[in-house]
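Reviewing the structure listed below.
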Amino acid sequence: MTADNGDTAVIEVRDLKFHYGRKAGASLVLDIEEFLLKKGERMFVYGPSGCGKTTLLGVVAGVLEPVDGIVRILGQDLTELSAARRDTFRADHIGYIFQMFNLLPYLSVLDNILLPVAMSKARRSRVGSQAKAAATTLAEHLGLESRLDALGGELSVGQQQRVAAARALIGGPELIIADEPTSALDTDRRTAFLELLFEECNAAGASLLFVSHDRTLESMFDRVLELPDINRVKTLA
Amino acid sequence: MIIRLSLSSLNSRRLATALTVLSLALSVALLLGVEQVRTGVRESFSNTISGTDLIVGTRVGQLQLILFTVFGIGSTPANISYDTLEKYREHPAVEWAVPFSLGDSHRGFRVVGTTEEYFEKYRYRRDRGIRLAEGTVPKRILDATVGHQVARELDYQVGQKIIITHGISGAPGISDHDDSPFTIVGILDRTATPIDRTVYITLEGMEAIHEDGPPTLSTGPPPTATAVQEPANPSVEDRAGPPAESITAFFVGVKSRIDTLRLQREINTDESEPLQAIIPGVALAELWRGIDMADTALKAVVALVVLVGLLGMLISLLSTLNERRREMAILRALGARPKIIAILLVIEAGLLSVAGVLLGLLLNYGLLAGAQPIVERAFGLALPIRAPNQFELMALLFVIVAGVLAGLVPAFRAYRNALSDGLAMKV
Ligand SMILES: Nc1ncnc2c1ncn2[C@@H]1O[C@H](COP(=O)(O)OP(=O)(O)O)[C@@H](O)[C@H]1O
Ligand SMILES: [Mg+2]
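Same order as they appear, the protein sequences are chains A and B.
Mapped onto my numbering, the consecutive letters of the first sequence carry residue numbers 1239 to 1475.
Mapped onto my numbering, the consecutive letters of the second sequence carry residue numbers 114 to 540.
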């Protein structure tokens, strides 16, 4: 990994081509010349449903393998890594928040938050022996202190999203990726959720890549990008 | 970690998990039960007679000889002469030889004429001898000692008089020897073998039934009027000459096991009379092979039941797979490799199988402990509570292995989903 100076992009995507499936002739979903996220930056990416937002996040997270191009995260080109190494890299450096159903419904809130610590050695060593304390602190900041022992499935959607944020943040990953995490929330709750998320990202020094089809929140971000503008694939039905 | 996830996930689907485990457990319990009954039957079967090295009778084939001498089944073949018994008693290889005569019945039970030595030498279940519950073995001409079941079914007591019918038919009266009633002098302990259904008398007593009129004695007073009303019951020693003209068979114990085969050959080639000597163990094994055929079908049915149990588990795992795609995507986002997700499902299948086998064992031994006394009383079948035998252990291992292998099917599907779904949340 390259030095962690201010110039290093957290995400650097170049000449990316991606399509689902292994067939060579399949139609592309993404064709992006350049996409950059700087350290500490909070970026808002929007676009209509089906334009490839989730797909882009999958590529950036190393779950999906591009057909062509470079996907450099924290200076590490994911396309050079084996699938297993990419999975480990994701566990170590990326926190991911889904649109909804983020939690394993049969685990407690605390256990849900602690999952990344259990799965990643790097994140485990960053929280040290204080994993539980770190989880509790995060939960307190996010207003979840009274629900730590509840099961994931027993929470309201708003609480679930906050638990998902805590889980993404624990162990201090450098990059937080959020895929429409507010779309299941009421309008007034969205702002509150985002404020909490920003606060914790700031505290942890994490960069944030946030996608949504809904532009009402864009004013709160450092940078706003319309995916169809950079994606040369036009597949809007 | 993975195991904890599996356990929590299974726990969250408690009802489906419990039903899957239960159906597996029932099939496992059935599998064990069938095998226990089978080995129990075979054990008590092959232990019907032990300690006897040869059974000698006329040439009717080994199966028939063992059937009528040990199991009391089949028609009685021609007799062999008593002199033959006497001859082999003197044989240097022979330790003991006891006569065994059939041909009469008492209310449907076989009557066997033999000597006191029979009760000393006969062994079943390896080394158990015949024991008396009450009274003595038959010593005098009109003495009878009855088996446990005879006494129980006919409600007989020591001292009671009974009539022995000539021939095997159960219908009384036609050829009853009204004038020679036997007296019950003893009741045998339960053996759970055909001995329980046998009435034992002396050889002389049997001879007496077949003679016309009351037993004749060469010594002692001629029959008087009082003696006819109250027939005399002289001791067998009072009779002159050999106790019988002929007998049905005799049992032989050899001095040294090594001599068994040589003696068998010698008897089989005896030129004075057509004889056949059989080794009980060999004959029982041959008989068992014939009976064992039916049990292959039973085994096939049990195998199917186990298969259905495993299929049930497979279906249950596959049906939850779709609703668990979300769970899989979460784990993927957290950095779980597709392999881990596949292993998760294999572990779940393994846990279900192990739980099924353990619960099945518990159910089986619980039922066995409860049913054992009832089965013993009703069928005279001893079902020992024993550790699983090698076949059973193999079968249990097979269930677990097959369960894990069945888990590979949903695991493979989950693996493919994990690769193709990406992080899209399929709802
Ligand atoms: N797992 C998948 N397999 C095949 N095609 C997919 C898969 N996921 C998404 N797609 C397709 O890729 C395109 C982009 O989808 P997606 O990235 O989910 O869009 P967005 O998140 O912007 O709504 C859509 O046309 C969608 O049908
Ligand atoms: Mg999407």
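All residues carry an ideal CB built from backbone N, CA and C; glycine is no exception.
All values reported here derive from a predicted model rather than from experimental measurement.
1) Can you tell me the Cβ-Cβ gap for residue 305 of chain B and residue 495 of chain B, rounded? I've got them flagged as a contact below 8 Å.
2) Report the rounded CA-to-CA distance for residue 168 of chain B versus residue 319 of chain B, giving the unit in angstroms.
3) Just verifying my parser: in three-state terms, what is the DSSP assignment at residue 513 of chain B?
4) Taking Cβ-Cβ distances shorter than 7 Å, what residues in chain B pair up with residue 1357 of chain A?
5) So that I know if they touch, is there some Cβ in chain B lying closer than 8 Å to that of residue 1369 of chain A?
6) Give, in chain order, every residue of the stretch 1332-1355 of chain A whose Cβ lies closer than 7 Å to some Cβ of chain B.
7) Report the rounded CA-to-CA distance for residue 1475 of chain A versus residue 1288 of chain A, giving the unit in angstroms.
8) Have a look at B/302, B/421, B/458 and B/161 and flag the residue whose alpha-carbon is nearest the alpha-carbon of residue 395 of chain B.
9) Could you round the C-beta distance between residue 1414 of chain A and residue 1423 of chain A to whole angstroms and report it? I think they count as a contact, below 8 Å.
10) Residue 124 of chain B versus chain A: which residues are under 9 Å apart at the beta carbon?
11) Counting only Cβ-Cβ distances shorter than 8 Å, please list the residues of the stretch 1283-1303 of chain A near chain B, keeping chain order.
12) Against chain A, which members of the stretch 449-471 of chain B pass a CB distance test of less than 9 Å?
13) Closer than 7 Å between beta carbons: that is the criterion. Which residues of the stretch 1460-1475 of chain A meet it against chain B?
14) Just to confirm, is the Cβ distance from residue 302 of chain B to residue 246 of chain B under 8 Å?
15) Do we get a CB-CB distance below 8 Å when we pair residue 1326 of chain A with the residues of chain B?
16) Answer yes or no: does any C-beta atom of chain B fall closer than 8 Å to that of residue 1329 of chain A?
17) Kindly indicate which three-state DSSP category residue 447 of chain B falls into: helix, strand or coil?
18) If you draw a straight line from the alpha carbon of residue 248 of chain B to that of residue 274 of chain B, how long is it in whole angstroms?
19) Cα separation between residue 1285 of chain A and residue 1463 of chain A?
20) Drop a sphere of 10 angstroms on the beta-carbon of residue 1328 of chain A, count the other beta-carbons inside from all chains shown, and report buried for 16 or more, exposed for fewer.
21) Comparing alpha-carbon positions, which option in B/308, B/181, B/471 and B/216 lies nearest residue 243 of chain B?
22) Determine the chain B residues that contact residue 1322 of chain A at a beta-carbon separation under 9 Å, and present them in chain order.
23) For chain A, is any of its Cβ atoms less than 8 Å away from the one on residue 436 of chain B?
24) Please state whether the Cβ-Cβ distance between residue 1257 of chain A and residue 1309 of chain A is less than 8 Å.
25) Are the C-beta atoms of residue 1239 of chain A and some chain B residue less than 8 Å apart?
26) Count Cβ pairs between the stretch 510-522 of chain B and the stretch 468-481 of chain B that sit closer than 8 Å; are there 3 or more?
27) Could you give the DSSP three-state label for residue 202 of chain B: helix, strand or coil?
28) Taking only beta-carbon positions, decide if residue 430 of chain B is within less than 8 Å of chain A.
29) Say the cut is 7 Å; is the CB of residue 1417 of chain A nearer than that to a heavy atom of ligand 2?
30) Pull up the CB-CB distance for residue 1325 of chain A and residue 1358 of chain A, whole angstroms please, since I reckon it's below 8 Å.
31) Against residue 579 of chain B, what residues of chain A qualify as contacts under a CB-to-CB distance less than 8 Å, listed in chain order?
32) Could you check if residue 1291 of chain A belongs to the surroundings of ligand 1, using beta carbon to heavy atom distance under 7 Å?
33) Taking 7 Å as the cut-off, is the CB of residue 1422 of chain A close to at least one heavy atom of ligand 1?
34) What in chain E is Cβ-close to residue 128 of chain B, meaning under 8 Å?
35) Given a cut-off of 8 Å, decide if residue 1373 of chain A and residue 1341 of chain A are closer than it, judged by their beta-carbon atoms.
36) Identify whether residue 1451 of chain A lies in helix, strand or coil by the three-state DSSP scheme.
Put simply:
1) The beta-carbon distance between residue 305 of chain B and residue 495 of chain B, rounded to whole angstroms, is 6 Å. This is short enough to meet the 8 Å contact definition.
2) Cα to Cα, the separation comes out at about 20 Å.
3) Three-state DSSP puts residue 513 of chain B in a helix.
4) Within chain B, the residues near residue 1357 of chain A are 447, 448 and 449.
5) It does not: the Cβ of residue 1369 of chain A has no partner Cβ on chain B nearer than 8 Å.
6) If the cut-off is 7 Å between Cβ atoms, the stretch 1332-1355 of chain A has 1334, 1336, 1337, 1339, 1340, 1342, 1343, 1344, 1345, 1353 and 1354 near chain B.
7) Unreliable positioning characterises residue 1475 of chain A in this predicted model, as indicated by a pLDDT of 45, which lies under 50. A coordinate reading is not provided.
8) The shortest Cα separation from residue 395 of chain B among B/302, B/421, B/458 and B/161 belongs to B/161.
9) For a cut-off of 8 Å, the C-beta gap from residue 1414 of chain A to residue 1423 of chain A is around 17 Å, too long to register as a contact.
10) Going along chain A in sequence order, the residues near residue 124 of chain B (Cβ under 9 Å) are 1344.
11) Across the stretch 1283-1303 of chain A, CB contacts with chain B closer than 8 Å involve 1292, 1293, 1295, 1296, 1299, 1301 and 1302, in sequence order along the chain.
12) Residues of the stretch 449-471 of chain B whose Cβ lies closer than 9 Å to any Cβ of chain A, in chain order: 449, 450, 451, 452 and 453.
13) Listed by position, the residues of the stretch 1460-1475 of chain A near chain B (Cβ gap below 7 Å) amount to none.
14) In this structure, residue 302 of chain B places its C-beta atom within 8 Å of the C-beta atom of residue 246 of chain B.
15) Taking Cβ atoms only, chain B reaches closer than 8 Å to residue 1326 of chain A, which makes this a yes.
16) With 8 Å as the cut-off, residue 1329 of chain A counts as an interface residue toward chain B.
17) In the three-state reduction of the DSSP assignment, residue 447 of chain B falls in the coil class.
18) Residue 274 of chain B has its alpha-carbon roughly 14 Å from the corresponding atom of residue 248 of chain B.
19) Taking the straight line from one Cα to the other gives about 9 Å.
20) A residue is called buried when at least 16 other Cβ atoms come within 10 angstroms of its Cβ; residue 1328 of chain A meets this threshold and is buried.
21) Ranking the options by Cα distance to residue 243 of chain B, first place goes to B/308.
22) Within 9 Å Cβ-Cβ: 450 and 452.
23) Under the Cβ distance rule, residue 436 of chain B does not count among the residues neighbouring chain A, no pair being separated by less than 8 Å.
24) In this structure, residue 1309 of chain A does not lie closer than 8 Å to residue 1257 of chain A by Cβ.
25) Because the pLDDT of residue 1239 of chain A is 45, which lies under 50, any placement of that residue in the model is unreliable, and the question is left without a value.
26) Yes: the two stretches touch, three or more of their Cβ pairs being nearer than 8 Å.
27) Looking at residue 202 of chain B - three-state DSSP - the assignment turns out to be helix.
28) By this cut-off, residue 430 of chain B is not an interface position.
29) Yes.
30) Their Cβ separation, rounded to whole angstroms, is 10 Å, which puts residue 1325 of chain A and residue 1358 of chain A out of contact at 8 Å.
31) Since the first and last residues shown for chain B are 114 and 540, residue 579 of chain B lies out of range.
32) Indeed, a heavy atom of ligand 1 lies less than 7 Å from the Cβ.
33) Outside the cutoff, so no.
34) Checking the listed chains, one finds no chain E in this structure; the protein chains it contains are A and B.
35) No, the pair does not count as a contact, with Cβ atoms beyond the cut-off.
36) Assignment of residue 1451 of chain A by DSSP, reduced to helix, strand and coil, places it in the coil class.
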